[in-house]
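Reading the sequence shown from the start, the letters are residues 0 to 238 in numbering that gives the first Met the number 0. Okay, so here's the structure we're looking at.
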Amino acid sequence: MSSKHVIPILGAIIGAAGVIIAALITGIFALLVEQTKSNANATSVWTTVVAQRTADVPVAQATYTRLPTQQPYTAIPTSKPNVTVVTPKPITIVATPDSSQQNPPPGSILQVGQNYSKDGIVVGLKKSLDLYGSSFAPCMIISNQSGQQLIIRWRNSYIHAKDDKNKIYSPENQNASDWDTVQQASLSDGDKYETNPYQPWSFHKGLFRGPIDATAKYIIISIDQLAGMSNMSWRFDLK
Numbered sequence: 000m001s002s003k004h005v006i007p008i009l010g011a012i013i014g015a016a017g018v019i020i021a022a023l024i025t026g027i028f029a030l031l032v033e034q035t036k037s038n039a040n041a042t043s044v045w046t047t048v049v050a051q052r053t054a055d056v057p058v059a060q061a062t063y064t065r066l067p068t069q070q071p072y073t074a075i076p077t078s079k080p081n082v083t084v085v086t087p088k089p090i091t092i093v094a095t096p097d098s099s100q101q102n103p104p105p106g107s108i109l110q111v112g113q114n115y116s117k118d119g120i121v122v123g124l125k126k127s128l129d130l131y132g133s134s135f136a137p138c139m140i141i142s143n144q145s146g147q148q149l150i151i152r153w154r155n156s157y158i159h160a161k162d163d164k165n166k167i168y169s170p171e172n173q174n175a176s177d178w179d180t181v182q183q184a185s186l187s188d189g190d191k192y193e194t195n196p197y198q199p200w201s202f203h204k205g206l207f208r209g210p211i212d213a214t215a216k217y218i219i220i221s222i223d224q225l226a227g228m229s230n231m232s233w234r235f236d237l238k
């Protein structure tokens, strides 16, 4: 074959190859474009699904619990009872004649004219002191409303006298042999008896050696026991 025939054949082959290669390139490019669109659509759909799911799921809200604020402790001081010191004074108590207990109780100090009582027996002092020269004596008054006879028993050492300066006044006739012997007397129901240093039953009874101190403000007469009662005292105020 001559060179003149070979050249046209080669040109035809090369042209056909170029057409095939161009077609292949065009197909591959079209396939790549389609794949890219497919991937883009898939990505868009996934993004939409994720967005919808994200929108559907509620977002958890943070919760907070407020702790109570501790109040400062304030100490409340405990109040103390008020203590008032009162100078003892004679008391005023209405006697209860029917009481089985001594009224007022033993150890009380009464004003003269007020009485102690127990089981219908009433004991008091006259409101004035009897004076005999420089000596003095209280007058005891005993009343029996017990409904039965009362036997009064007595010793002169049962009665005492002192003033507000704590001066003790000695009994008159203390050295007599019969001064502190036990004495007794009967008092019928409904009767009242007033002692007197010069009455037979009350001889030497309650007579104290004076004179009373000129600066004394009062005299306290005390009786240890009498008519079933004990530790009785009366106050005579002095002017």
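Don't be surprised by glycine CBs; every beta carbon is placed ideally from N, CA and C.
Between the segment 175–182 and the segment 105–112 there are fewer than three C-beta pairs closer than 8 Å, too few to call the two in contact. For E193, DSSP records a beta bridge to I140.
DSSP places I211 outside both helix and strand once states are collapsed to three, so it counts as coil. For K117, the number of other beta carbons within 10 angstroms of its own is at least 16, and it is reported as buried.
When the beta-carbon positions are compared, Y157 and Q224 come within less than 8 Å of each other. Annotation for V121: the continuous beta strand (DSSP E) segment containing it runs 120–124. In the DSSP assignment, W178 falls outside any beta strand (DSSP E) and carries neither an H nor an E. By the CB criterion at 8 Å, L206 and S133 fall outside the cutoff. With distances taken between CA atoms, G123 lies nearest to Y115 out of L130, D129, Y115. Counting the other CB atoms within 10 Å of its CB gives N174 a total below 16, which places it among the exposed residues. Each residue's CA atom was taken as its position, placing S187 and L130 some 29 Å apart. G189 sits close to Q144, with the two beta carbons spaced by under 8 Å.
In the structure shown, S116 falls within a strand segment according to DSSP collapsed to helix, strand and coil. Just measuring C-alpha positions, the residue of A136, G119, I218, I219 sitting nearest Q147 is G119. Within its own chain, the residues whose Cβ lies closer than 6 Å to the Cβ of D236, once the five positions on either side in sequence are excluded, are Y217, listed in chain order. From the listed residues I167, I222, S127, G227, the smallest Cα separation to A215 is found for I167. Distance from the CA atom of S142 to the CA atom of K164, rounded to whole angstroms, is 32 Å.
Short of 8 Å from the beta carbon of K191, and not among the five residues preceding or following it, lie these beta carbons of its own chain, in chain order: I140, I141, S142, N143.
A distance of 8 Å or more separates the beta carbons of S127 and I150.
DSSP places S232 in the uninterrupted beta strand (DSSP E) bounded by 228–236. The three-state secondary structure of Y157, taken from DSSP, is helix. A Cβ-Cβ separation of about 6 Å places R234 in contact with I219 under the 8 Å criterion. Annotation for Q100: K117 place their beta carbon closer than 8 Å to its own, counting only its chain and skipping 5 residues before and after.
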